[in-house]
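Each remark here refers to the structure printed beneath this line.
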């Protein structure tokens, strides 16, 4: 395949991935990495490197819109990064080692299993437009992990307060490891932590996840760059495409309902779970 | 759910803090898009019939700082794209530091410390863990 054909294909695929990723709080890397490996013949390590750059691009692009619209919770996002960043350093270091072993397929299958197990919990809250305002735990009260946003769709201001901060920190550390390991931003796990542990409204969860995934990806990118896993010629079209796509997605999200965003998220979750398991099984 | 009619102001993160971070992110995106697009177009015009196999064979090892700066000086396409990536990385670290400053100004010591720790970890990842693993 000629490089310019590959570049055009990557820009188009990345635009779609960025759009969906921006709506669901994901980086888009979860779509890109497997497509690059399975359909475009790009080695796993380089696909991870390009995906990590695309995550950074999605986060920066959507982040600008969501922060400006005050959908992103800067307080909660910055607090939880203390768990995701160390996790990403561990994960990215492991990737540089694991690309030379046979353990990657097993890790993929395990990750797919984890994603599948998350589906019922997310579906159980499908009728809930906004979670009830709980009392918060000790950490969330002490650090004021709470806020409010203007729901354009509902035409009202919605208040929320974080619950179960310790559990959220644990999931975020795992999300960091997965992010560094697969270059995927692991927005799926971040949204799950924000939605199910902290009990934030879906829009705040996806917007805050989008803000965080860039920081998590940056932690891993240093390791991936030094490990020779970031090819600028592969990373550039992927990042340009996701930038365009996520810009579009971030313009659409404020006008959707939290329920619809949850359905989009669960749909992406199921597809990703199947795809990740298949990808692992194929490589076994 | 509690419904109110006005958005309560967070003294640590007033509307101006949100606007500042959004502006930083937007500047980063525009900077990246400009530099990376120019680099990509220049690369494709210099290698119109290159195959994927040939690209992969060349590898993706990170150039030394001197080689990178020289590449920038002569407008080497891959150095330009790498520069775009560095812009986004710098913006990401800057936004964490901006948040740390806002937390410190709001006398929220724990969150300020957490943000500084995150920024430090990012720098450690870039300049210590990466080269060590390599």
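Residue numbers (the working numbering), protein chains in the order written: chain A, 9 to 292; chain B, 752 to 885.
Positions of the beta carbon are idealized from the N, C-alpha and C atoms, including for glycine.
All figures in this text were calculated on a predicted structure; none of them were measured in a lab.
Spatial neighbours of residue 77(A) in its own chain (CB-CB distance under 7 Å, excluding positions within 5 residues in sequence) are listed in chain order as 262.
When only Cα atoms are considered, residue 793(B) and residue 833(B) end up about 14 Å apart.
When Cβ pairs closer than 8 Å are counted between the two stretches, the region 263 to 277 of chain A is seen not to touch the region 86 to 97 of chain A, the count staying below three. Chain A has a Cβ within less than 8 Å of the Cβ of residue 759(B). Fewer than three beta-carbon pairs drawn from the region 53 to 61 of chain A and the region 137 to 151 of chain A are found closer than 8 Å, and the two stretches are therefore not classed as touching.
Residue 139(A) places its beta carbon less than 8 Å from that of residue 207(A). With 16 or more other CB atoms across the displayed protein chains lying within 10 angstroms of its CB, residue 205(A) is buried. Look at the region 764 to 809 of chain B and you find these whole runs of alpha helix (DSSP H), each 4 residues long or longer: 766 to 797 and 803 to 808. Proximity of chain B to residue 148(A) at the Cβ level (cut-off 8 Å) is not reached, the minimal Cβ distance being about 12 Å. The Cβ-Cβ distance between residue 100(A) and residue 188(A) falls below 8 Å. Annotation for residue 853(B): the continuous alpha helix (DSSP H) segment containing it runs 828 to 856. With a beta-carbon spacing of about 20 Å, residue 24(A) and residue 222(A) fall beyond the 8 Å limit used to define contacts.
Boundaries for residue 169(A): no alpha helix (DSSP H) harbours it, while the beta strand (DSSP E) harbouring it runs 164 to 169, taken from the DSSP string. Counting only Cβ-Cβ distances below 8 Å, residue 802(B) has contacts in chain A at 9, 10 and 11, in chain order. Collapsing the DSSP output to three states places residue 811(B) in coil.
In the DSSP assignment, residue 158(A) falls outside any alpha helix (DSSP H) and lies within the beta strand (DSSP E) extending over 154 to 159.
Residue contact check for residue 815(B) against chain A: no CB pair falls below 8 Å. For the options 289(A), 170(A), 251(A) and 265(A), the alpha carbon positioned closest to that of residue 37(A) is the one of 251(A). Scanning 109(A), 220(A) and 212(A) for the CA closest to the CA of residue 267(A) turns up 212(A).
Distance from the CA of residue 53(A) to the CA of residue 237(A), rounded to the nearest whole angstrom, comes to 6 Å. Take residue 120(A), set aside five residues on each side of it, and the residues of its chain with a beta-carbon closer than 6 Å to its own are 281, 284 and 285, in chain order. By the C-beta density criterion, residue 20(A) is exposed, having fewer than 16 other C-beta atoms within 10 angstroms.
Nearest C-alpha to residue 214(A) among 74(A), 44(A), 9(A) and 46(A): 74(A). Chain order gives the chain B residues near residue 71(A) as 776, where near means a beta carbon separation below 7 Å.
Straight-line measurement puts the Cα of residue 98(A) at about 30 Å from the Cα of residue 79(A). The criterion of a C-beta distance shorter than 8 Å is satisfied by residue 170(A) and residue 144(A). Selection 269(A), 146(A), 14(A) and 218(A) evaluated against residue 175(A) yields 146(A) as nearest (Cα-Cα).
Residue 210(A): member of the alpha helix (DSSP H) spanning 210 to 234, first to last residue.
Taking residue 27(A) as the centre and dropping the five residues before and after it, the same chain places the C-beta of 253, 256 and 257 closer than 6 Å to its C-beta, in chain order. Per DSSP, residue 205(A) lies in no alpha helix (DSSP H) and is assigned neither H nor E. Residue 197(A) is bridged by DSSP to nothing; it lacks a bridge partner. For the set 806(B), 815(B) and 883(B), the Cα lying nearest the Cα of residue 10(A) is the one of 806(B).
Residue 878(B) is classed as exposed because its beta carbon has fewer than 16 other beta carbons within 10 Å across all chains shown. Residue contact check for residue 881(B) against chain A: a CB pair falls below 8 Å.
One finds nothing in chain A with a Cβ atom closer than 8 Å to the Cβ of residue 822(B); even the nearest lies about 10 Å away. Taking 8 Å as the cut-off, the Cβ atoms of residue 102(A) and residue 882(B) do not count as close.
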